[in-house]
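A.B. asks: Here it is: the structure, laid out below.
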Amino acid sequence: MGSDLDDYDGLLHLLKAASKKTVIEILNKVASQLLRSGDDDVVGFLRSCLDIDADESAALFHSLTILLRKVIYSGCANYDAINAAFPSEFHKSLKELLIKSILDNHNAWKSQAIDEQVSLPRLKDFSWEVRKNVVAPSCVLHLNTSDRGSLNVEMSAESLDTMLDSLAKIRDQISSVTQ
Amino acid sequence: MTGETTSLHFSDAHPPTQFYVDAKFANSLNNQQYEDILSRLFAFTHNPDLGSDLGSNLQHYCLTESLPVSSVKDLFKTLLIVARGATKNKLTGGQLYSDLQRLGLDAGRANLFCQTWKDQSEVSDQFSKLDLKRLVDLEWKFGVTAASSELHRVGNCYIQLKMVVTKDSKRESVLMELSLPQFYTFMHEMETAKLEMGT
Chain Z
1 MGSDLDDYDG LLHLLKAASK KTVIEILNKV ASQLLRSGDD DVVGFLRSCL
51 DIDADESAAL FHSLTILLRK VIYSGCANYD AINAAFPSEF HKSLKELLIK
101 SILDNHNAWK SQAIDEQVSL PRLKDFSWEV RKNVVAPSCV LHLNTSDRGS
151 LNVEMSAESL DTMLDSLAKI RDQISSVTQ
Chain C
180 MTGETTSLHF SDAHPPTQFY VDAKFANSLN NQQYEDILSR LFAFTHNPDL
230 GSDLGSNLQH YCLTESLPVS SVKDLFKTLL IVARGATKNK LTGGQLYSDL
280 QRLGLDAGRA NLFCQTWKDQ SEVSDQFSKL DLKRLVDLEW KFGVTAASSE
330 LHRVGNCYIQ LKMVVTKDSK RESVLMELSL PQFYTFMHEM ETAKLEMGT
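First to last, the sequence lines map onto chains Z and C.
Using this note's numbering, read the first sequence as starting at 1 and increasing by one per residue.
Using this note's numbering, read the second sequence as starting at 180 and increasing by one per residue.
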C-alpha cells in the first residue's frame, strides 16, 4: 500500500546530503525529536546541514516525521514492512538507504520510545547498608527516584522479610505471565 | 533527717516509691532476662510502632520465663520513663548511671542500661541527621504495556512499587516504577541484605 507521494517529496532534499553518514545523522536527530519532543531546533539543523532554505527544510522535516512515525509506531522491523511505507514510485536508491538506516536503528528507537513512555517516577538507582544496631539490626535503603531524588528508608529485619515476601510474589507473577 | 534531697537528673520530680521497687525487681532477674527486657525497651523507644504488640509480647515472655507479668510491666514502664527523661534532659552517661544507682539498681545493671541507652541515642541522632524514614507498607502492581502513543505494540513489563514510609508520625507514599531487570537486581540485593542481617 503506497502513500501519497506528496508527503514524501520533502525526503528528496536528502539527496543534497554530503554523505550517507549525514543522512543517518539526520534520521537519528529527527527520531530523537519525535520520541522526546525535545527543544532542539532540528529544522534549523536541516537547513545548515543540507544548505537548503526554510521552506525546503520544513518540507523535509514534515516528510521525515511522517515516515518515521509510521515505521516506529507500526514496529516495521524488516525490509518488506519498511518498503511498504514508501510510495512505489519513490526514488529507488534513496529509499534503499533509508530502509537500511531504519533497520539499523529500529531497536534503538523502540527502546527510546519505551523509555519515554508515560509512567510513574522511575527508580534511577539504589544502594543499601546493614546497620548492626544495639538492639536489632536494620537495613537502610538509599533510593534515587526520578521525581523526588534521594530518599533513605530504614527497615527492621521483619520489614525486610515482609518486603522479600512481596518481591517473591511479584517474581512469581512475572514468571506465570512470561511463560 | 533534714538535708536537701538532691533531685535526680532524669527528672525534677521526686521518684515514686514504685521506682525503687522496680529497681529491686530488676536486680533479681538473671542477666539474660534483664538484657531481654532492655532489648524490648530500646526497640520500642526506637520504633514506637511496635507498641501495639508490646503488651502481648511481654506477657508471652513472662509466661515462658515464669516471671510475674505485672512486675515486668511495671519495671518496663519505669525504665521507659527513665530513658525518656534522660534523652529529654540530654543527660551524660555518668549522670544517668548515678541516677540508676540512687534508685538502687545494681552497678552492672545500671552500666548496661547506660551503655544501651547511649548507643541507642547515637542511632536516633543518625536517624534524624540522615532524614531516615521508616518503611511501614509496600504495595505493588505488575503490568505489561500493551501499546502507547508511540508504539502500536509494546509488550514491555514494568513493576510499580508504592512504599509507605513514616517519620515523626507523618506518613507519605513513595511511588516508583522498575523495569524487569531492575526488579531482579533489587530483589537480589535485598536477599543479600537479609543474609547480612543474619536473621
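Ideal Cβ positions, reconstructed from N, Cα and C, are used throughout, including at glycine.
For C/S300, count neighbouring C-beta atoms within 10 Å of its own C-beta (all shown protein chains included) and say buried if the count is 16 or more, exposed if not.
C.D. replies: buried
A.B. asks: Looking only at its own chain, which residues have a Cβ that is under 6 angstroms from the Cβ of C/E356, when we skip the five neighbours before and after it?
C.D. replies: Y337 and Q339
A.B. asks: Comparing alpha-carbon positions, which option in C/L187, C/E244 and C/M366 lies nearest C/Q280?
C.D. replies: Considering only alpha carbons, the answer is C/L187.
A.B. asks: What residue does the beta strand (DSSP E) around Z/H91 start on, and which one ends it?
C.D. replies: Run containing Z/H91: none; DSSP gives neither H nor E here.
A.B. asks: Does any CB atom of chain C fall closer than 8 angstroms to the CB of Z/S74?
C.D. replies: yes
A.B. asks: Look at the alpha carbon of C/A286 and the alpha carbon of Z/D165, and state the distance between them as a whole number of angstroms.
C.D. replies: 44 angstroms
A.B. asks: Going by DSSP, what residue range makes up the beta strand (DSSP E) through C/V353?
C.D. replies: K349 to S358
A.B. asks: Are the C-beta atoms of Z/N152 and some chain D residue less than 8 angstroms apart?
C.D. replies: Here chain D cannot be found, since the structure's protein chains are Z and C.
A.B. asks: Keeping to the same chain, check which residues put their C-beta closer than 8 angstroms to that of C/T181; ignore five residues upstream and five downstream.
C.D. replies: Its pLDDT being 38, under 50, C/T181 is placed unreliably in this model, and the coordinates cannot settle the point.
A.B. asks: What does Z/T149 pair with, by DSSP beta-bridge criteria?
C.D. replies: Strictly speaking, residue 149 of chain Z in this sequence is Gly, with Thr absent from that position. DSSP output for Z/G149 lists Z/T145 as bridge partner(s).
A.B. asks: Note down the Cα distance separating C/F223 from C/Y363, rounded to an integer number of angstroms.
C.D. replies: 33 angstroms
A.B. asks: Using beta carbons (cut-off 8 angstroms, strictly below), is Z/S119 in contact with chain C?
C.D. replies: It does; some Cβ of chain C falls within 8 angstroms.
A.B. asks: So what's C/S190 in DSSP terms, helix, strand or just coil?
C.D. replies: coil
A.B. asks: Could you please tell me which residues of the stretch 83 to 112 of chain Z, in chain order, have their CB closer than 8 angstroms to any CB of chain C?
C.D. replies: Those residues of the stretch 83 to 112 of chain Z that come within reach of chain C (Cβ to Cβ, closer than 8 angstroms) are K110.
A.B. asks: Check for me: the beta strand (DSSP E) holding C/L340 runs from which residue to which?
C.D. replies: N335 to K346
A.B. asks: Locate the beta strand (DSSP E) running through Z/K169, then write down its first and last residues.
C.D. replies: From DSSP, Z/K169 is part of no beta strand (DSSP E) but of the alpha helix (DSSP H) over A157 to V177.
A.B. asks: I'd like to know whether the C-beta of Z/M1 is nearer than 8 angstroms to at least one C-beta of chain C.
C.D. replies: The predicted position of Z/M1 is uncertain, since its pLDDT is 42 and thus under 50; no value can be drawn from it.
A.B. asks: Tell me whether the beta-carbon of C/R313 lies closer than 8 angstroms to the beta-carbon of C/T271.
C.D. replies: No, the pair does not count as a contact, with Cβ atoms beyond the cut-off.
A.B. asks: Please name the residues in the stretch 60 to 73 of chain Z whose beta-carbon is closer than 9 angstroms to at least one beta-carbon of chain C, in chain order.
C.D. replies: R69, I72 and Y73
A.B. asks: At a Cβ cut of 8 angstroms, what residues of the stretch 316 to 327 of chain C count as close to chain Z, listed as they run along the chain?
C.D. replies: L317, W319, F321, V323, T324 and S327
A.B. asks: Pop quiz: C/L217 and C/F292 are said to be a contact at Cβ under 8 angstroms. What is the actual Cβ separation, rounded to whole angstroms?
C.D. replies: 7 angstroms
A.B. asks: Which value, in whole angstroms, describes the spacing of the CA atoms of C/V162 and Z/S156?
C.D. replies: Lying outside 180 to 378, the shown extent of chain C, residue 162 of chain C is not represented and no answer is given.
A.B. asks: What do you get for Z/V177, buried or exposed, if any count of 16 or more other CB atoms within 10 angstroms of its CB means buried?
C.D. replies: Per the 10 Å Cβ criterion, exposed.
A.B. asks: Just curious, the beta strand (DSSP E) that C/K312 is in, first and last residue?
C.D. replies: L311 to T324
A.B. asks: Residues in the stretch 155 to 170 of chain Z with C-beta within 9 angstroms of chain C's C-beta atoms, listed in sequence order?
C.D. replies: Contact residues of the stretch 155 to 170 of chain Z toward chain C are M155, S156, A157, E158, S159, L160, D161, T162, M163, L164, S166, L167, A168, K169 and I170 (C-beta to C-beta distance below 9 angstroms).
A.B. asks: Using only the alpha-carbon positions, how far apart do C/E183 and C/G234 sit?
C.D. replies: The pLDDT assigned to C/E183 is 45, lower than 50, so where the model puts this residue is not dependable; a value taken from the coordinates is nonetheless given after this. Spanning the two alpha carbons is a distance of roughly 39 angstroms.
A.B. asks: Spell out a yes or no on whether the stretch 88 to 100 of chain Z and the stretch 120 to 127 of chain Z are touching, meaning 3 or more CB-CB pairs, one atom from each, closer than 8 angstroms.
C.D. replies: Taking 8 angstroms as the limit for Cβ pairs, the verdict is that the stretch 120 to 127 of chain Z does not touch the stretch 88 to 100 of chain Z.
A.B. asks: Run through chain C and tell me which residues come within less than 8 angstroms of Z/F126, C-beta to C-beta.
C.D. replies: F365 and E368
A.B. asks: Mapping DSSP to helix, strand and coil, what is C/E183?
C.D. replies: Bear in mind that a pLDDT of 45 at C/E183, under 50, signals an unreliable position, so the number given afterwards is only what the model happens to contain. Coil, per DSSP.
A.B. asks: When we look at the beta-carbon of C/T243 and count the other beta-carbons within 10 Å, is it buried (16 or more) or exposed?
C.D. replies: The residue in question, C/T243, is exposed, as its Cβ has fewer than 16 Cβ neighbours within 10 Å.
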